[in-house]
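K.L.:
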Amino acid sequence: GMGEYDRGVALMHLEDAAKLMKLGDGVTGVRLKLDDLFLAPKVSHELADALPGIYRVSDWTYQHRNFFSALRTEKRMMWLILFLIVAVAAFNIVSALVMAVTDKQSDIAILRTLGISPASISWIFIVQGAAIGITGTLAGVAGGVALALNLETIVQWIEGFFGVSFLDPNIYYISRLPSELNWNDVGIIALSAFLITLCATLYPAWRASRTQPAEALRYE
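Here the numbering used here is used: the first residue of the sequence shown is 74, the next is one more, and so on.
#1: Ends of the alpha helix (DSSP H) at GLU119?
#2: Within the same chain, show all residues whose beta-carbon is closer than 6 Å to that of VAL159, passing over the 5 residues directly before and after it, in chain order.
#3: Assign ILE154 to one of three DSSP states: helix, strand, or coil.
#4: List the endpoints of the continuous alpha helix (DSSP H) containing THR226.
#5: Within the continuous alpha helix (DSSP H) that includes TYR135, where are the two ends?
#6: Would the segment 191-208 count as touching the segment 268-284 if we require 3 or more Cβ pairs under 8 Å?
#7: Is the beta carbon of SER248 closer than 8 Å to that of LEU240?
#8: Please identify the residue among ASP132, GLY126 and ASP109 whose C-alpha is closest to the C-alpha of SER117.
#9: Which same chain residues end up closer than 7 Å to VAL296 when comparing Cβ atoms and leaving out the 5 residues on each side of it in sequence?
#10: Provide the residue span of the alpha helix (DSSP H) that contains LEU268, from first to last.
#11: Terminal residues of the continuous alpha helix (DSSP H) containing MET85?
#12: Once DSSP output is grouped into helix, strand and coil, what is the label at PRO251?
#13: Report the three-state DSSP secondary structure of GLN285 (helix, strand or coil).
#14: From the DSSP output, in three-state form, read off ASP241 for me.
#15: SER190 lies in the alpha helix (DSSP H); which residues open and close that run?
#16: Between the alpha carbons of GLN136 and ALA219, how many angstroms are there, rounded?
#17: Examine chain B for any beta-carbon lying closer than 8 Å to the beta-carbon of GLY188, and answer yes or no.
#18: Determine the DSSP secondary structure at ILE127, reduced to helix, strand or coil.
#19: Do you know how far the Cα of PHE156 is from the Cα of THR146?
#20: Should GLY188 go down as buried or exposed, given a rule of 16 or more other Cβ atoms within 10 Å for buried?
#21: Around the C-beta of SER193, are 16 or more other C-beta atoms found within 10 angstroms, so that it is buried, or is it exposed?
#22: Less than 8 Å between the CB atoms is what I'm expecting for ILE181 and ALA281, so what's the real figure, rounded?
This is the structure we're talking about:
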């Protein structure tokens with residue numbers, strides 16, 4: 074349940090409520106139930122325009138606007154955290170490819186002397202970085218989807234194994250942690266992660282293409 078409703082909502086017959094409030098045959102409000110709950114804001118605005126000003130029209134998105142605003146803020150923070158995690162991973166890719174460029178300078182110089190163009194040298198490291206990015210993205214998506222689909226089972230197993238309770242119903246009004254997989258978010262995150270890792274390959278690739286054969290082979 075929800076604490077807000079548990080503290081202030083009681084269910085009873087309409088006749089009993091009217092007698093308790095001394096309303097006679099009148100009511101204090103009318104609640105409409107829509108087939109599509111996401112049409113509630115549109116319908117409420119249409120009713121507010123059609124009814125006289127003495128009537129007040131509200132919908133569930135307005136009544137709980139602070140709650141939904143908090144959820145939007147939390148989601149933005151989660152996106153920011155995910156971006157920072159991917160940025161750190163991209164930095165590691167940059168570092169790994171820069172080290173590879175440094176270690177392979179003599180090999181790059183030999184390829185240059187054989188007639189390989191700087192653009193082709195760049196593509197070698199771009200493809201290498203893209204392969205790392207694709208592998209990491211696919212592994213992350215597979216692990217994340219598996220975790221999201223089995224989150225409730227995993228939490229229950231951890232609680233049973235360690236003898237702890239993460240969600241005390243007396244505090245949080247819920248006893249389990251539901252999880253819903255949003256494939257749009259999965260696609261956006263996977264695509265963003267791959268693009269960031271692909272951009273991370275540009276500097277090492279550019280540095281590799283700038284390798285001068287004479288300088289690289291001077292001490293070989």
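For every residue, glycine included, the Cβ atom is placed at its ideal position computed from N, Cα and C.
P.N.:
Answer, in terms of the structure:
#1: On the sequence shown, residue 119 is found 46 positions in, with the first residue counted as 1. That run of the alpha helix (DSSP H) goes 113-123.
#2: For the purposes of this step, residue 159 is identified with residue 86 of the sequence shown, where counting begins at 1. Only ALA266 and ILE269 meet the Cβ criterion.
#3: Your numbering for residue 154 matches position 81 in the sequence shown. Residue state, collapsed to three classes: helix.
#4: As a first step, residue 226 must be located in the sequence shown, where it is residue number 153. It spans 224-235 - the alpha helix (DSSP H) in which THR226 sits, taken as one unbroken run.
#5: Start at 1 with the first residue of the sequence shown, and residue 135 comes out as number 62. Unbroken alpha helix (DSSP H) run through TYR135: 133-136.
#6: yes
#7: As a position in the sequence shown, residue 240 is number 167, starting the count at 1. As a position in the sequence shown, residue 248 is number 175, starting the count at 1. Yes. Within cutoff.
#8: Numbered from 1 along the sequence shown, position 44 holds the residue referred to as residue 117. Of the listed residues, the one whose Cα sits closest to SER117 is ASP132.
#9: This structure gives no information on residue 296, because the portion of the chain shown stretches from 74 to 293.
#10: The residue labelled residue 268 in the question sits at position 195 within the sequence shown. Here the alpha helix (DSSP H) through LEU268 covers 256-273.
#11: One-based indexing of the sequence shown puts residue 85 at position 12. Note, MET85: premise wrong, no alpha helix (DSSP H); not H, not E.
#12: Position 178 of the sequence shown, counted from the first residue, corresponds to residue 251. PRO251: coil per DSSP, three-state reduction.
#13: Numbered from 1 along the sequence shown, position 212 holds the residue referred to as residue 285. Reduced to three states, the DSSP call for GLN285 is coil.
#14: In the sequence shown, residue 241 corresponds to position 168, counting from 1. Correct three-state label for ASP241: coil.
#15: The residue labelled residue 190 in the question sits at position 117 within the sequence shown. Neither: SER190 is in no alpha helix (DSSP H) and is coded neither H nor E.
#16: As a working note, residue 136 is residue 63 in the sequence shown. As a working note, residue 219 is residue 146 in the sequence shown. Roughly 35 Å between the two C-alpha positions.
#17: Here chain B cannot be found, since the structure has a single protein chain.
#18: For this step, residue 127 is matched to residue 54 along the sequence shown. DSSP places ILE127 in coil when its eight states are reduced to three.
#19: On the sequence shown, position 73 is the one that residue 146 refers to. On the sequence shown, position 83 is the one that residue 156 refers to. About 15 Å.
#20: Residue mapping note: residue 188 aligns to position 115 of the sequence shown, counting from 1. By the neighbour-count rule (16 or more Cβ atoms within 10 Å), GLY188 is not buried but exposed.
#21: If you number the sequence shown from 1, residue 193 lands on position 120. The residue in question, SER193, is exposed, as its Cβ has fewer than 16 Cβ neighbours within 10 Å.
#22: Locating residue 181 in the sequence shown gives position 108, counting from the first residue. Locating residue 281 in the sequence shown gives position 208, counting from the first residue. Rounded, the Cβ-Cβ distance is 6 Å, consistent with contact.
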